[in-house]
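Trainee: This is the structure, below, for whatever I ask next.
Encoded structure:
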């Protein structure tokens with residue numbers, strides 16, 4: 031795939047837009063799936079990096095990857111110059127499940143940090159299917175908020191920042207959009223740091239809300255061969271890359 | 146086109162490229178990327194008598210030019226393999242299907258080997274006496290000549306087809322172990338399994354792996370592996386299968402020149418799922434460039 035644009039959002043984040051180098055059409059990709067990215071010309075890294083699909087723009091045949099500088103591999107990726115060819119394996123993993131038609135409650139898509147990435151594609155798909163997604167985005171501070179304009183085009187956006195520099199101050203789990211009084215929530219989709227997902231899962235369990243989370247366990251192959259990225263589930267250890275990355279919380283062995 | 150076929154015991158491989166156990170699943174995981182029938186064979190993941198959940202997460206750490214793993218032989222047991230996986234593989238592929246066998250006791254190895262010996266399309270097993278990630282995962286057997294002999298002798302009696310024994314590099318003299326298993330009737334030795342290693346997250350002041358130590362693989366171990374293959378190939382008369390950090394055709398040829406009759410591709414599959422087939426093509430091209438019409442002209446040139 032060729033890098034069409036590298037939008038430096040700020041020091042820590044880049045939005046890479048890629049298109050197939052041979053001009054072919056991108057395959058169908060479902061919300062929640064991911065890609066395995068080879069780090070170009072990197073002698074200090076060895077493995078590919080799994081990255082969530084942020085958005086698939088069918089109008090210009092581009093795949094969007096939202097990348098946070100989390101180490102040597104991603105640091106290399108956010109420096110990618112336009113025109114660079116990067117080797118990707120895609121799409122991988124399962125996907126978020128669509129809500130039942132005719133459901134009446136709210137659909138809340140919760141993303142924390144770079145975990146907002148898959149929520150954009152999911153929100154776009156939900157909107158296209160006639161649903162009204164609502165986003166709850168969490169970040170450390172105002173400068174860590176990502177793609178807010180894109181989310182606002184797609185649905186109602188609630189924001190919380192740890193320092194209160196934008197939206198409500200505190201964690202997403204303290205946000206009024208998630209309060210009991212905020213109306214019936216029929217489904218929560220969540221991606222973010224593990225403590226955040228566990229806290230959201232705990233609320234969902236207590237209120238019997240159907241909840242799916244997207245896990246970020248460290249991977250080697252992404253193909254179900256190495257058995258490194260396993261998560262303990264009610265079925266035992268399963269590969270997050272092939273059985274996930276999306277799990278319904280009732281499949282996980284997270285406990286309060 | 147050069148003649149690339151080689152024999153390992155009674156196996157006739159169409160070319161010397163195999164996959165390393167634990168890096169290639171059951172092969173099917175790679176069927177979207179390559180035609181498995183272009184490989185000499187594939188070695189499916191470590192199989193034990195009973196179901197094993199493996200070690201807790203985290204099981205993997207990236208290291209310079211390699212990775213550590215501590216999977217711990219997660220698998221559903223030999224009967225699950227025989228009933229659910231084997232029929233599919235046997236129907237779909239004509240490349241050799243080799244099962245890697247692990248056990249916590251000699252009796253375990255023997256029982257798994259015995260159950261596999263009834264399967265028409267399983268013409269060989271690879272006995273793993275070298276897994277570093279399980280307390281009784283075989284490395285205890287593989288680090289002494291007595292232990293290696295004991296397992297080999299018992300499995301040899303139970304399994305009449307081709308028997309490959311996979312050796313650990315975590316020993317003082319791999320040559321002594323290789324000679325010991327040869328003396329007990331092994332048809333071939335494969336080496337090396339991973340090297341015992343460790344990595345620490347300095348900021349968190351915690352080991353990177355749940356098991357603290359794990360097995361190092363990838364190009365970081367290749368020079369050690371090439372050296373061991375060269376030493377063992379000069380010391381035994383059974384064919385040696387070389388593995389350890391082979392990423393491409395050049396690397397594979399290094400092992401062949403050092404004395405390996407066949408090679409296994411492991412960690413490379415995680416980065417390039419097409420690596421195995423690319424290696425077959427490279428070897429063929431190399432033979433043409435060097436005027437070699439049979440791969441045997443290259444084996445053990447050094």
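Residue numbers (the numbering used here), protein chains in the order written: chain S, 31 to 286; chain A, 146 to 447. Positions of the beta carbon are idealized from the N, C-alpha and C atoms, including for glycine. A quick note: this is a predicted structure, and the numbers were derived from the prediction, not measured.
Just reading off the beta strand (DSSP E) that residue 139(S) is part of, what are its end residues?
Mentor: The residue you call residue 139(S) lines up with position 109 of the first chain. First-last of the beta strand (DSSP E) with residue 139(S): 136 to 142.
Trainee: Given a limit of 9 Å on CB to CB distance, which residues of the region 252 to 269 of chain S reach chain A?
Mentor: 252, 253, 254, 255, 256, 257, 258, 259, 260, 261, 262, 266 and 267
Trainee: Just checking my contact of residue 108(S) with residue 97(S) at CB under 8 Å: how many whole Å lie between their CB atoms?
Mentor: Sequence index remark: in the first chain, residue 108(S) carries index 78 (1-based). Sequence index remark: in the first chain, residue 97(S) carries index 67 (1-based). At roughly 5 Å, the Cβ-Cβ gap stays under 8 Å, so residue 108(S) and residue 97(S) are in contact.
Trainee: Can you tell which of 251(A), 265(A) and 248(A) has the C-alpha that lies nearest to the C-alpha of residue 234(A)?
Mentor: Here residue 234(A) refers to the residue found at position 89 of the second chain. Answer by Cα proximity: 265(A).
Trainee: Would residue 227(A) and residue 260(A) qualify as a contact pair, given that the criterion is a beta-carbon distance under 9 Å?
Mentor: The residue given as residue 227(A) occupies position 82 in the second chain. The residue given as residue 260(A) occupies position 115 in the second chain. Yes, these two residues count as a Cβ contact at 9 Å.
Trainee: Starting from residue 242(A), trace the beta strand (DSSP E) in both directions and tell me its first and last residue.
Mentor: Residue mapping note: residue 242(A) aligns to position 97 of the second chain, counting from 1. Residues 241 to 246.
Trainee: Once you ignore the five residues that flank residue 228(S) on each side, which residues in its own chain have a CB closer than 6 Å to its CB?
Mentor: Looking up residue 228(S) in the first chain gives position 198. The beta carbon of residue 228(S) lies closer than 6 Å to those of 284 in the same chain, with the five residues before and after it left out.
Trainee: On the three-state DSSP scale, how would you describe residue 198(A)?
Mentor: As a working note, residue 198(A) is residue 53 in the second chain. Here residue 198(A) sits in coil by DSSP.
Trainee: In the DSSP assignment, what are the bridge partners of residue 405(A)?
Mentor: Taking the second chain and counting its residues from 1, one reaches residue 405(A) at position 260. Per DSSP, 385(A).
Trainee: Please state the DSSP three-state secondary structure of residue 121(S).
Mentor: Walking along the first chain from the start, residue 121(S) turns up at place 91. DSSP places residue 121(S) in strand when its eight states are reduced to three.
Trainee: Looking at the strands, I want to know which residues DSSP matches up with residue 362(A).
Mentor: Here residue 362(A) refers to the residue found at position 217 when the second chain is read from its first residue. According to DSSP, which records beta bridges pairwise, residue 362(A) is partnered with 212(A).
Trainee: What number of angstroms, rounded off, separates the C-alpha of residue 256(A) from the C-alpha of residue 257(S)?
Mentor: For the purposes of this step, residue 256(A) is identified with residue 111 of the second chain, where counting begins at 1. For the purposes of this step, residue 257(S) is identified with residue 227 of the first chain, where counting begins at 1. Roughly 25 Å separates the two Cα atoms.
Trainee: Taking buried to mean at least 16 other C-beta atoms within 10 Å of its own C-beta, is residue 37(S) buried or exposed?
Mentor: As a first step, residue 37(S) is located in the first chain; it is residue number 7 there, counting from the start. Exposed.
Trainee: Strictly below 9 Å CB to CB, what residues from chain S border residue 414(A)?
Mentor: As a first step, residue 414(A) must be located in the second chain, where it is residue number 269. In chain order: 251, 253, 255 and 256.
Trainee: For a contact defined as C-beta to C-beta under 8 Å, what are the partners of residue 394(A) on chain S?
Mentor: Along the second chain, read from residue 1 onward, the residue named residue 394(A) stands at position 249. Residues of chain S passing the Cβ test: none, with the nearest at roughly 18 Å.
Trainee: Using only the alpha-carbon positions, how far apart do residue 169(S) and residue 190(S) sit?
Mentor: Numbered from its first residue, the first chain carries residue 169(S) at position 139. Numbered from its first residue, the first chain carries residue 190(S) at position 160. Near 7 Å, if we compare the C-alpha coordinates of residue 190(S) and residue 169(S).
Trainee: Reducing DSSP to helix, strand and coil, say where residue 76(S) ends up.
Mentor: For the purposes of this step, residue 76(S) is taken as the residue at position 46 of the first chain. Coil, per DSSP.
Trainee: According to a CB-to-CB cut-off of less than 8 Å, which residues of the region 77 to 93 of chain S neighbour chain A?
Mentor: 77 and 78
Trainee: Would residue 246(S) pass as a contact of residue 277(S) if the rule is Cβ separation under 9 Å?
Mentor: Position 216 of the first chain holds residue 246(S). Position 247 of the first chain holds residue 277(S). Against a cut-off of 9 Å, the Cβ pair of residue 277(S) and residue 246(S) comes out as no contact.
Trainee: On the three-state DSSP scale, how would you describe residue 38(S)?
Mentor: For the purposes of this step, residue 38(S) is taken as the residue at position 8 of the first chain. Three-state DSSP puts residue 38(S) in a strand.
Trainee: For the region 200 to 223 of chain A, list every residue whose C-beta sits within 7 Å of some C-beta in chain S, in sequence order.
Mentor: Against chain S - using a Cβ distance shorter than 7 Å - the residues of the region 200 to 223 of chain A are 202, 203, 204, 205, 207, 210, 211, 212, 214, 216 and 219.
Trainee: Could you tell me whether the Cβ atoms of residue 222(A) and residue 197(A) are closer together than 9 Å?
Mentor: Here residue 222(A) refers to the residue found at position 77 when the second chain is read from its first residue. Here residue 197(A) refers to the residue found at position 52 when the second chain is read from its first residue. Cβ distance < 9 Å, so residue 222(A) and residue 197(A) count as in contact.
Trainee: Consult DSSP for residue 94(S) and reduce its assignment to one of helix, strand or coil.
Mentor: Here residue 94(S) refers to the residue found at position 64 when the first chain is read from its first residue. Three-state result, residue 94(S): strand.
Trainee: For the alpha helix (DSSP H) that residue 112(S) lies in, which residues bound it at each end?
Mentor: As a working note, residue 112(S) is residue 82 in the first chain. Element bounds for residue 112(S): n/a, residue is neither H nor E.
Trainee: Residue 245(A) and residue 217(A): beta carbons closer than 9 Å?
Mentor: Your numbering for residue 245(A) matches position 100 in the second chain. Your numbering for residue 217(A) matches position 72 in the second chain. Not in contact: residue 245(A) and residue 217(A) (Cβ atoms no closer than 9 Å).
Trainee: Around the C-beta of residue 40(S), are 16 or more other C-beta atoms found within 10 angstroms, so that it is buried, or is it exposed?
Mentor: Numbered from its first residue, the first chain carries residue 40(S) at position 10. By the 10 Å Cβ count, residue 40(S) comes out exposed.
Trainee: Measuring alpha carbon to alpha carbon, tell me which residue in 367(A), 162(A) and 286(A) is nearest residue 210(A).
Mentor: The residue you call residue 210(A) lines up with position 65 of the second chain. Looking at the Cα atoms, 367(A) is the closest of the given residues.
Trainee: Cα-Cα, which of 194(A), 303(A), 384(A) and 293(A) is closest to residue 249(A)?
Mentor: Locating residue 249(A) in the second chain gives position 104, counting from the first residue. The residue with the shortest Cα to Cα distance from residue 249(A) is 194(A).
Trainee: If you draw a straight line from the C-alpha of residue 110(S) to the C-alpha of residue 416(A), how long is it?
Mentor: Working through the first chain from its first residue, we reach residue 110(S) at position 80. Working through the second chain from its first residue, we reach residue 416(A) at position 271. Their backbone Cα atoms lie some 19 Å apart in a straight line.
Trainee: So residue 48(S) is in the beta strand (DSSP E); what residue range does that whole segment cover?
Mentor: For this step, residue 48(S) is matched to residue 18 along the first chain. Counted as a single uninterrupted DSSP element, the beta strand (DSSP E) harbouring residue 48(S) occupies residues 43 to 49.
Trainee: Put residue 150(S) into one of helix, strand or coil per three-state DSSP.
Mentor: As a position in the first chain, residue 150(S) is number 120, starting the count at 1. Correct three-state label for residue 150(S): helix.
Trainee: Tell me where the beta strand (DSSP E) around residue 343(A) begins and ends.
Mentor: Position 198 of the second chain, counting from 1, holds the residue named residue 343(A). 340 to 343 is the extent of the beta strand (DSSP E) around residue 343(A).
Trainee: Compare the beta carbon distance of residue 293(A) and residue 251(A) with 9 Å and say whether it is the shorter of the two.
Mentor: Translated into positions along the second chain, residue 293(A) becomes position 148. Translated into positions along the second chain, residue 251(A) becomes position 106. For the pair residue 293(A) and residue 251(A), the CB atoms are not nearer than the 9 Å cut-off.
Trainee: Could you tell me the distance, in whole angstroms, from the CA atom of residue 150(S) to the CA atom of residue 176(S)?
Mentor: The residue given as residue 150(S) occupies position 120 in the first chain. The residue given as residue 176(S) occupies position 146 in the first chain. Each residue's Cα considered, the two are about 10 Å apart.
Trainee: Taking only runs of the beta strand (DSSP E) that begin and end inside the region 270 to 347 of chain A, which ones reach a length of at least 3 residues, in chain order?
Mentor: 307 to 311, 333 to 336 and 340 to 343
Trainee: Pull the bridge partners of residue 190(S) from the DSSP assignment, please.
Mentor: Stepping through the first chain from its first residue, residue 190(S) is reached at position 160. Answer is 168(S) and 198(S), bridged to residue 190(S).
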